[in-house]
Amino acid sequence: MPRSIRRSLPIALGGALTVAALATTPASASSGWWTSQEARAEGFYNSVNGHVYANDLRRDGYSALTQVRTARNGYFVVDVTDKLANNQGSWKTPTLCRGVVFKMRVCVVKSGQKPTKCGAWHQFER
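Residue numbers for the sequence shown follow this note's numbering, beginning at -19 and rising by one.
#1: Am I right that Arg106 and Arg78 are in contact with their C-beta atoms under 8 Å? What's the rounded C-beta distance?
#2: What are the start and end residues of the beta strand (DSSP E) that includes Val57?
#3: Quick one: what does DSSP say Gln93 is sitting in, helix, strand or coil?
#4: Which of the three DSSP states, helix, strand or coil, is assigned to Ala100?
#5: For Trp14, collect the residues of the same chain with a Cβ closer than 6 Å to its Cβ; drop the 5 residues on either side in sequence, then sort them by chain order.
#6: Going by DSSP, what residues sit across from Asn35 in a beta bridge?
#7: In three-state DSSP terms, what is Gln68?
#8: Determine the extent of the beta strand (DSSP E) in which Ser43 is found, giving its start and end residues.
#9: What do you get for Lys90, buried or exposed, if any count of 16 or more other CB atoms within 10 angstroms of its CB means buried?
#10: Could you check if Asp40 is buried or exposed, using at least 16 other CB atoms within 10 Å of its CB as the buried criterion?
As structure tokens, this is what we get:
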């Protein structure tokens, strides 16, 4: 933020922004929603309930696949698949240790085949 703007902000506003920032910064963060290429599937990690979600967005014969691995060495944590494309999604609750950085990506997959149309790996910390 430029100095001129910072100097002109009232102290009450600055204090309110600090309180809001602290109130919205959880001890462990959710991953945010991520999508596969062409937005055919989406996935999410929710730090409140510990669920990893996959949501198939198209009825195209493919399933949504959300993959979670450890960021440090890529060890398998969980794969969640949603086959229904009914906007309800599927979820699993893996054990994710606090203070560990994980990576997640969202793909589409046909039964018995390798994942395809994967989005980039995104990191989040539990």
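Glycine included, C-beta positions come from ideal geometry on N, C-alpha and C.
Note that the structure is predicted; figures quoted are calculated from it, not measured.
Here's the rundown:
#1: Here residue 106 refers to the residue found at position 126 of the sequence shown. Here residue 78 refers to the residue found at position 98 of the sequence shown. About 5 Å; that satisfies the 8 Å criterion.
#2: In the sequence shown, residue 57 corresponds to position 77, counting from 1. That run of the beta strand (DSSP E) goes 56 to 62.
#3: For the purposes of this step, residue 93 is identified with residue 113 of the sequence shown, where counting begins at 1. It is coil, neither helix nor strand.
#4: In the sequence shown, counting from the first residue as 1, residue 100 sits at position 120. In the structure shown, Ala100 sits in coil (DSSP, three-state: anything other than H, G, I, E or B).
#5: Stepping through the sequence shown from its first residue, residue 14 is reached at position 34. Gly23, Val86, Gly99, His102.
#6: On the sequence shown, position 55 is the one that residue 35 refers to. Glu22.
#7: As a position in the sequence shown, residue 68 is number 88, starting the count at 1. Coil at Gln68, not helix or strand.
#8: As a position in the sequence shown, residue 43 is number 63, starting the count at 1. From DSSP, the beta strand (DSSP E) with Ser43 extends over 43 to 50.
#9: Sequence index remark: in the sequence shown, residue 90 carries index 110 (1-based). By the 10 Å Cβ count, Lys90 comes out exposed.
#10: Counting from one through the sequence shown, the residue named residue 40 turns up at place 60. Under this definition Asp40 is an exposed residue.
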